[in-house]
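> Sharing a structure, written as structure tokens. Questions coming.
In the working numbering, the protein residues as written are 13 to 186.
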């Protein structure tokens, strides 16, 4: 047993199945041709990832940020502080790329970089007030995109989908 809540998963699964059944009922009737096989879930998640990356990159560009910078700022806000290696892992980029991203963000005064008092080689990264303001502007832009993505979905279905995605992440990290 992995310590996961079976009740939460069961509820999320039932809700998601009900939403899928509702969507299936709203599809047009067959035209007599053989129905196309449904894409694998991994394919759909990959497609969604690529679409979200493209749309978020487009939405953030006018604000002067890259997707990697937005992700890093979000991670720092959630964690309070992080090392370059931790930030790279949580931002889905290499440590070398994270170092480049952090250099740019430090030059814009969005983050601070200070030596870790307990480990001489580790640099601790923290969000500045200016970085927090930039992040808040980005969040408003990303919220518009997320609202578009969730259009036509009931709040409980969106919550169930989030529960399932979080479970998928936990399952694959173990």
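The beta carbon of each residue, even a glycine, is placed where N, CA and C say it ideally should be.
Keep in mind that this is a model prediction, so the values were computed, not measured.
(1) Would you give the residue range spanned by the beta strand (DSSP E) that residue 132 belongs to?
(2) What are the boundary residues of the alpha helix (DSSP H) that includes residue 48?
(3) Excluding five sequence neighbours on each side, which residues of the same chain lie with their C-beta closer than 7 Å to the C-beta of residue 65?
(4) Excluding the 5 residues flanking residue 134 on each side, which residues of the same chain have their C-beta closer than 7 Å to its C-beta?
(5) So which of 83, 120, 62 and 119 has the shortest CA-CA distance to residue 102?
(6) Between the alpha carbons of residue 76 and residue 173, how many angstroms are there, rounded?
(7) Does the structure place the segment 134 to 146 close enough to the segment 154 to 171 that three or more beta carbon pairs sit under 8 Å?
(8) Quick one: give me the first and last residue of the alpha helix (DSSP H) that residue 187 is part of.
(9) Contact check, residue 89 vs residue 139 under 8 Å by CB: the rounded distance?
(10) Hey, residue 72 and residue 153: beta-carbon distance below 9 Å or not?
(11) With residue 122 and residue 85 assumed to form a contact (beta carbons below 8 Å), what rounded beta-carbon distance in angstroms separates them?
(12) Under DSSP, the beta strand (DSSP E) around residue 125 begins and ends at which residues?
(13) Compute the Euclidean distance between the alpha carbons of residue 181 and residue 175, then round it to the nearest angstrom.
(14) Check the DSSP bridge columns for residue 95 and list the partner residues they point to.
(15) How many angstroms separate the CA atom of residue 62 from the CA atom of residue 68?
(16) Which two residues bound the contiguous alpha helix (DSSP H) that contains residue 74?
(17) Classify residue 161: buried if its beta carbon has 16 or more other beta carbons within 10 angstroms, exposed otherwise.
(18) Roughly how many angstroms separate the alpha carbons of residue 223 and residue 109, rounded to a whole number?
(19) Contact defined as beta carbons within less than 8 Å: I believe residue 107 pairs with residue 100. What is the distance between those atoms, to the nearest angstrom?
Let me lay it out:
(1) 131 to 139
(2) DSSP places residue 48 outside any alpha helix (DSSP H), giving it a letter other than H or E.
(3) 79
(4) 95 and 128
(5) Its Cα nearest to that of residue 102, the residue 83 stands out among 83, 120, 62 and 119.
(6) Residue 76 and residue 173 have their C-alpha atoms roughly 31 Å apart.
(7) no
(8) This structure does not reach residue 187, given that the chain is present from 13 up to 186, and the question cannot be answered.
(9) Between residue 139 and residue 89 the Cβ distance is about 6 Å, and since that is below 8 Å, they are a contact.
(10) yes
(11) 7 Å
(12) Per DSSP, residue 125 belongs to the beta strand (DSSP E) from 123 to 128.
(13) 10 Å
(14) 136
(15) 10 Å
(16) Segment: none, residue 74 is in no alpha helix (DSSP H) and carries neither H nor E.
(17) exposed
(18) Residue numbering for the chain in the displayed model covers 13 to 186; residue 223 lies beyond these limits and cannot be assessed.
(19) With 8 Å as the limit, residue 107 and residue 100 qualify as a contact, their Cβ atoms being about 4 Å apart.
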